[in-house]
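These notes concern the structure reproduced below.
Protein chains in written order, with the working numbering: chain X, 1 to 106; chain Y, 1001 to 1115.
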């Protein structure tokens, strides 16, 4: 069974304090690793798709990377508006992790 | 691009009634649509996958006679919660994937409250 595990469950940062979120996945037959952002009471917003180890994608203050066993979402100099739940999911039927709740304090 | 809408955004109904939720892909044709539910402080749980013109495929434990899914066109899927009960109260979210694509694009969700 495909599994996705995210850590930490919650992360509190000061504005400008860079950090990383982790997503570990079962390796077999990965066809894509996805990152989404979800604000309270809203549907997830697509951020990135990664397909192969070594791949990196960037969008504003976010950079997603992929290794053979895990993916990282790096947040550089975050702002309060980056506060949200960040979800990763693996291919096909999108097995979601539990998410990381990010709070950025001004 | 890749905008998905849902209607209604919230609905309150009495126990025993049926509720229909619409999911539309506004600027692309969605060969596959998905329905999820999300309970407070939990992640999304896939309920069913539907392909245009075909019967939906339900995940284990999801009652297909209770959650009726119709994917009648490449831009519209509907979820009908039949004989709703308070335990069906949840946040229902649809997503859509276009032909040849890998990403799913999500709607804004529908909050269902059953009294």
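Even glycine gets a Cβ: it sits at the ideal position worked out from N, Cα and C. What you are looking at is a predicted structure, and each value in this text was computed from that prediction instead of being measured.
{"Asked": "Can you grab the Cα-Cα spacing for the pair residue 1078(Y) / residue 5(X), in whole Å?", "Found": "31 Å"}
{"Asked": "Compare the C-beta of residue 1029(Y) against all C-beta atoms of chain X and say whether one is closer than 8 Å.", "Found": "no"}
{"Asked": "Would you say residue 1105(Y) faces chain X, with C-beta separation under 8 Å as the test?", "Found": "yes"}
{"Asked": "Where do the ends of the beta strand (DSSP E) carrying residue 46(X) lie?", "Found": "45-50"}
{"Asked": "Less than 8 Å between C-beta atoms, sequence neighbours within five positions excluded: which residues of the same chain meet that for residue 59(X)?", "Found": "47 and 48"}
{"Asked": "In or out: residue 1026(Y) buried (at least 16 other Cβ within 10 Å) or exposed?", "Found": "exposed"}
{"Asked": "I need the DSSP call for residue 60(X), collapsed to helix, strand or coil.", "Found": "coil"}
{"Asked": "With distance defined between alpha-carbon atoms, name the residue in 1048(Y), 1113(Y), 1106(Y) and 1114(Y) nearest to residue 1005(Y).", "Found": "1106(Y)"}
{"Asked": "Give the range of the beta strand (DSSP E) segment to which residue 72(X) is assigned.", "Found": "70-75"}
{"Asked": "With a cut-off of 8 Å, do at least 3 Cβ pairs link the stretch 1013-1022 of chain Y to the stretch 70-80 of chain X?", "Found": "no"}
{"Asked": "Tell me the residue span of the beta strand (DSSP E) that contains residue 1095(Y).", "Found": "1090-1098"}
{"Asked": "Residue range of the beta strand (DSSP E) that residue 4(X) falls in?", "Found": "4-7"}
{"Asked": "Which residues of chain X have a Cβ atom closer than 9 Å to the Cβ of residue 1108(Y), listed in chain order?", "Found": "41, 42 and 43"}
{"Asked": "Express the C-alpha separation of residue 1061(Y) and residue 1087(Y) in angstroms, rounding to a whole number.", "Found": "14 Å"}
{"Asked": "Are the C-beta of residue 49(X) and some C-beta of chain Y separated by less than 8 Å?", "Found": "yes"}
{"Asked": "Can you list, in chain order, the stretches of the beta strand (DSSP E) that have 3 or more residues and sit fully within the stretch 79-103 of chain X?", "Found": "84-90"}
{"Asked": "Once you ignore the five residues that flank residue 32(X) on each side, which residues in its own chain have a CB closer than 6 Å to its CB?", "Found": "49, 51 and 91"}
{"Asked": "For residue 3(X), count the other beta carbons within 10 Å of its own beta carbon; 16 or more makes it buried, fewer makes it exposed. Which is it?", "Found": "exposed"}
{"Asked": "Taking just the CA atoms, how far does residue 18(X) sit from residue 1037(Y)?", "Found": "32 Å"}
{"Asked": "Compare the C-alpha of residue 1113(Y) against each of 1001(Y), 1069(Y), 1009(Y) and 1002(Y) and name the closest.", "Found": "1009(Y)"}
{"Asked": "Answer yes or no: does any C-beta atom of chain Y fall closer than 8 Å to that of residue 93(X)?", "Found": "yes"}
{"Asked": "What residues from chain X crowd round residue 1032(Y), counting only those whose CB sits closer than 8 Å?", "Found": "The contacting residues do not exist; residue 1032(Y) stays about 10 Å from chain X at best."}
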